[in-house]
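K.L.:
Okay, structure coming up:
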């Protein structure tokens with residue numbers, strides 16, 4: 167029996183998964199067996215894995231896409247059943263350093279207090295910069311923080327960190343821990359599954375470590391809404407469910423205020439901008455979350471991304487020069503310039519304010535602006551515009567509308583949340 171059973175979960179990433187497999191097979195530590203679970207890919211993943219690595223791994227083919235958690239669990243159950251003392255998850259778009267597997271194994275072997283250990287993850291696109299070196303869960307603001315995110319690797323970071331969670335893209339767990347906390351929360355389908363799994367490990371009395379000497383590269387941007395609201399649904403639903411499960415009783419009302427404020431923000435932005443697909447998905451995700459509807463998203467939950475161009479086209483019509491105040495929001499400023507160019511506007515972006523030259527100012531949120539003079543046009547990072555009289559009325563009515571929404575929704579949220587806590591937390595400790 168080998169020491170480690172390694173599981174890769176793959177869905178439609180034939181090139182990436184081959185690179186991932188190769189990086190694992192090039193590990194200096196060889197005391198492992200490799201399993202690849204294919205989640206009913208529609209590309210050539212299965213064929214190419216068989217062509218290149220048939221005799222070097224075990225390929226398990228799911229008949230349907232079970233999501234990240236379900237796909238991993240297919241492999242985790244298999245390796246757990248076979249009795250490997252250590253089990254490891256690796257994302258199909260991750261690449262491991264040749265020492266990563268051995269260093270994670272050695273860490274867990276020499277630290278009995280630790281139940282899980284994850285690699286220090288770097289950006290695949292910029293390997294000198296950290297993507298995540300552990301993650302903290304914030305129960306005050308109901309969010310998570312990836313530690314050392316985007317920091318340059320200068321060798322000064324700790325050798326390891328005990329933290330709330332680590333990314334499942336390169337995570338090793340002791341078999342005995344799975345015996346106590348179970349497998350990944352399969353009902354999540356996608357997102358927050360690794361966070362919750364690690365948190366359960368902590369609740370069971372084991373520590374979760376991020377190990378600096380175990381290095382991995384990982385692609386970034388999986389949650390970006392490129393074509394549709396698929397990632398939005400799972401990120402929002404599972405975010406709400408996680409904190410509903412684990413927050414303190416005394417913080418439940420504050421949590422309701424926070425979640426409802428965030429839901430309202432997305433709805434109001436959608437109505438203001440005329441781009442409503444994200445708002446619709448978030449409302450369905452919120453409704454499913456508070457009613458305990460989990461697993462794969464049901465019908466009419468995912469929508470193609472819509473974008474109302476008209477306010478921006480109107481903004482550029484007849485303009486030859488514009489002074490742009492980016493205010494440090496370089497991504498939004500860059501997007502705005504590209505939008506103008508792609509739509510045939512040859513705008514000269516002047517370097518300083520000039521008389522009779524219109525000013526566009528980038529801000530974080532138009533609905534919290536103090537300047538309502540309309541001497542400038544404001545665009546925020548969520549592509550909402552403050553230009554017209556109607557825009558001004560939306561801003562003026564924002565706070566009252568938010569209070570009304572929270573007032574109407576809060577009793578429903580609180581009642582559903584309390585019911586869910588009884589369902590989910592029966593037998594589980596609450597933080």
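Numbering (the numbering used here), first residue to last: 167 to 597.
Ideal Cβ placement from N, Cα and C applies to all residues, glycine included.
None of these values were measured; they are calculated from a predicted model.
1. Counting only the same chain and skipping the five closest in sequence on each side, list residues whose C-beta sits under 6 Å from that of residue 572.
2. Are residue 583 and residue 383 closer than 8 Å when you measure CB to CB?
3. Can you give me the Cβ contacts of residue 209 inside the same chain, cut-off strictly under 6 Å, excluding the 5 residues immediately before and after it?
4. Please report the distance separating the alpha-carbon of residue 561 from that of residue 399.
5. Return the chain-ordered list of same chain residues with a C-beta closer than 7 Å to the C-beta of residue 402, the five sequence neighbours on each side being excluded.
6. Return yes when the Cβ of residue 336 is within less than 8 Å of the Cβ of residue 445, no when it is not.
7. Mind reading off the beta-carbon distance from residue 360 to residue 331? Whole number of angstroms is fine, and I expect it under 8 Å.
8. I'd like to know if the region 275-293 and the region 196-215 are in contact, where contact means that at least 3 CB-CB pairs between them fall below 8 Å.
9. With distance defined between alpha-carbon atoms, name the residue in 478, 414 and 169 nearest to residue 270.
10. Tell me whether residue 117 sits in a helix, a strand or coil according to DSSP, three-state version.
11. Taking all protein chains shown into account, do 16 or more other C-beta atoms lie within 10 angstroms of the C-beta of residue 352, making it buried, or fewer, making it exposed?
12. Report buried or exposed for residue 466, applying the criterion of at least 16 other Cβ atoms within 10 angstroms of its Cβ.
13. Just the Cα atoms here: how many angstroms apart are residue 305 and residue 362?
14. Leaving out five residues before and five after residue 577 in sequence, what residues of the same chain have Cβ atoms less than 8 Å from its Cβ?
15. Please go through the same chain and pick out, in chain order, the residues whose beta-carbon is closer than 7 Å to the beta-carbon of residue 367, but skip the five residues on each side of it.
16. Mind reading off the beta-carbon distance from residue 262 to residue 193? Whole number of angstroms is fine, and I expect it under 8 Å.
17. What whole-angstrom Cβ distance do residue 256 and residue 186 have, given they're in contact under 8 Å?
18. Tell me whether residue 525 sits in a helix, a strand or coil according to DSSP, three-state version.
19. Between 409, 324, 311 and 228, which lies nearest to residue 333 when the distance is taken from Cα to Cα?
20. I need the DSSP call for residue 510, collapsed to helix, strand or coil.
21. When the Cα atoms are used, what is the spatial distance from residue 587 to residue 411?
22. Who are residue 312's beta bridge partners in DSSP?
23. Quick check: what's the CA-CA separation for residue 199 versus residue 251?
24. Taking contact to mean 3 or more Cβ pairs, one atom from each stretch, closer than 8 Å, check whether the region 489-496 and the region 455-462 are in contact.
25. Whose C-beta lies closer than 7 Å to the C-beta of residue 249 among residues of the same chain, with five residues either side of it excluded?
26. Measure the C-alpha to C-alpha separation of residue 484 and residue 472 and round it to an integer number of angstroms.
27. Between the C-alpha atoms of residue 183 and residue 502, what's the straight-line distance to the nearest angstrom?
28. If you run the structure through DSSP and keep just helix, strand and coil, what is residue 123?
29. Where residue 428 and residue 303 are concerned, what is the direct C-alpha to C-alpha distance, given to the nearest angstrom?
30. Just to check my reading of the structure: residue 254 and residue 338 have Cβ atoms closer than 8 Å, yes? What is that Cβ distance to the nearest angstrom?
31. Does residue 210 come out as helix, strand or coil in the three-state DSSP assignment?
32. Residues in its own chain within less than 6 Å of residue 388 by CB, not counting five upstream and five downstream?
33. To test your reading of the DSSP string, which unbroken alpha helix (DSSP H) runs of 4 or more residues are found completely within the region 212-263?
34. Taking C-beta to C-beta, are residue 558 and residue 540 nearer than 8 Å?
35. Hey, quick one: how far does the alpha helix (DSSP H) through residue 273 stretch, first residue to last?
P.N.:
Well, looking at it:
1. Within the chain shown, the letter at position 406 stands for residue 572. Counting only Cβ-Cβ distances below 6 Å, and skipping sequence neighbours, we find 426.
2. What you label residue 583 is simply residue 417 of the chain shown in a count that begins at 1. What you label residue 383 is simply residue 217 of the chain shown in a count that begins at 1. No. Outside cutoff.
3. As a working note, residue 209 is residue 43 in the chain shown. Result list for residue 209: 178 and 180, in chain order.
4. The residue given as residue 561 occupies position 395 in the chain shown. The residue given as residue 399 occupies position 233 in the chain shown. Taking the straight line from one Cα to the other gives about 27 Å.
5. Position 236 of the chain shown holds residue 402. Excluding positions up to five away in sequence, the list reads 448, 451 and 452.
6. Taking the chain shown and counting its residues from 1, one reaches residue 445 at position 279. Taking the chain shown and counting its residues from 1, one reaches residue 336 at position 170. No, the pair does not count as a contact, with Cβ atoms beyond the cut-off.
7. Taking the chain shown and counting its residues from 1, the one referred to as residue 360 is at position 194. Taking the chain shown and counting its residues from 1, the one referred to as residue 331 is at position 165. Indeed they touch by this definition, with Cβ atoms about 6 Å apart.
8. no
9. Locating residue 270 in the chain shown gives position 104, counting from the first residue. When each option's Cα is compared against that of residue 270, the closest is 169.
10. Outside the displayed range of the chain (167 to 597) lies residue 117, so it cannot be described from this structure.
11. In the chain shown, residue 352 corresponds to position 186, counting from 1. Looking at its Cβ environment, which holds 16 or more other Cβ atoms inside 10 Å, residue 352 is buried.
12. Start at 1 with the first residue of the chain shown, and residue 466 comes out as number 300. Per the 10 Å Cβ criterion, exposed.
13. Numbered from its first residue, the chain shown carries residue 305 at position 139. Numbered from its first residue, the chain shown carries residue 362 at position 196. Each residue's alpha carbon lies about 13 Å from the other.
14. On the chain shown, residue 577 is found 411 positions in, with the first residue counted as 1. So the list is empty, once near-sequence residues are dropped.
15. Here residue 367 refers to the residue found at position 201 of the chain shown. Excluding positions up to five away in sequence, the list reads 281, 282, 343, 347 and 374.
16. Looking up residue 262 in the chain shown gives position 96. Looking up residue 193 in the chain shown gives position 27. Correct: roughly 7 Å between the Cβ atoms.
17. As a working mapping, residue 256 is identified with position 90 in the chain shown. As a working mapping, residue 186 is identified with position 20 in the chain shown. Right, the Cβ-Cβ distance comes to about 6 Å (below 8 Å), so this counts as a contact.
18. Taking the first residue of the chain shown as 1, we reach residue 525 at position 359. Residue 525 falls in the strand class under three-state DSSP.
19. Translated into positions along the chain shown, residue 333 becomes position 167. It is 311 whose Cα lies nearest to the Cα of residue 333.
20. Stepping through the chain shown from its first residue, residue 510 is reached at position 344. Residue state, collapsed to three classes: coil.
21. In the chain shown, counting from the first residue as 1, residue 587 sits at position 421. In the chain shown, counting from the first residue as 1, residue 411 sits at position 245. Approximately 6 Å between the Cα atoms of the pair.
22. Counted from its first residue, the chain shown places residue 312 at position 146. Partner(s): 301.
23. Indexing the chain shown from 1 puts residue 199 at position 33. Indexing the chain shown from 1 puts residue 251 at position 85. Rounded to the nearest angstrom, the two C-alpha atoms are 12 Å apart.
24. no
25. In the chain shown, the residue the question calls residue 249 occupies position 83. Result list for residue 249: 167, in chain order.
26. As a first step, residue 484 must be located in the chain shown, where it is residue number 318. As a first step, residue 472 must be located in the chain shown, where it is residue number 306. Cα to Cα, the separation comes out at about 26 Å.
27. The residue labelled residue 183 in the question sits at position 17 within the chain shown. The residue labelled residue 502 in the question sits at position 336 within the chain shown. Roughly 35 Å separates the two Cα atoms.
28. Residue 123 lies beyond the range of the chain shown here (167 to 597); nothing can be said about it.
29. As a working note, residue 428 is residue 262 in the chain shown. As a working note, residue 303 is residue 137 in the chain shown. Cα-Cα distance, rounded: 18 Å.
30. By one-based count along the chain shown, residue 254 stands at place 88. By one-based count along the chain shown, residue 338 stands at place 172. Going by Cβ atoms, the distance from residue 254 to residue 338 rounds to 4 Å, so yes, they are a contact pair.
31. Start at 1 with the first residue of the chain shown, and residue 210 comes out as number 44. Reduced to three states, the DSSP call for residue 210 is coil.
32. Working through the chain shown from its first residue, we reach residue 388 at position 222. Caution applies to residue 388, whose pLDDT of 44 falls short of 50 and renders its modelled position unreliable; the model cannot decide the point.
33. 233-248
34. Numbered from its first residue, the chain shown carries residue 558 at position 392. Numbered from its first residue, the chain shown carries residue 540 at position 374. Yes. Within cutoff.
35. Mapped onto the chain shown, residue 273 falls at position 107. It spans 266-276 - the alpha helix (DSSP H) in which residue 273 sits, taken as one unbroken run.
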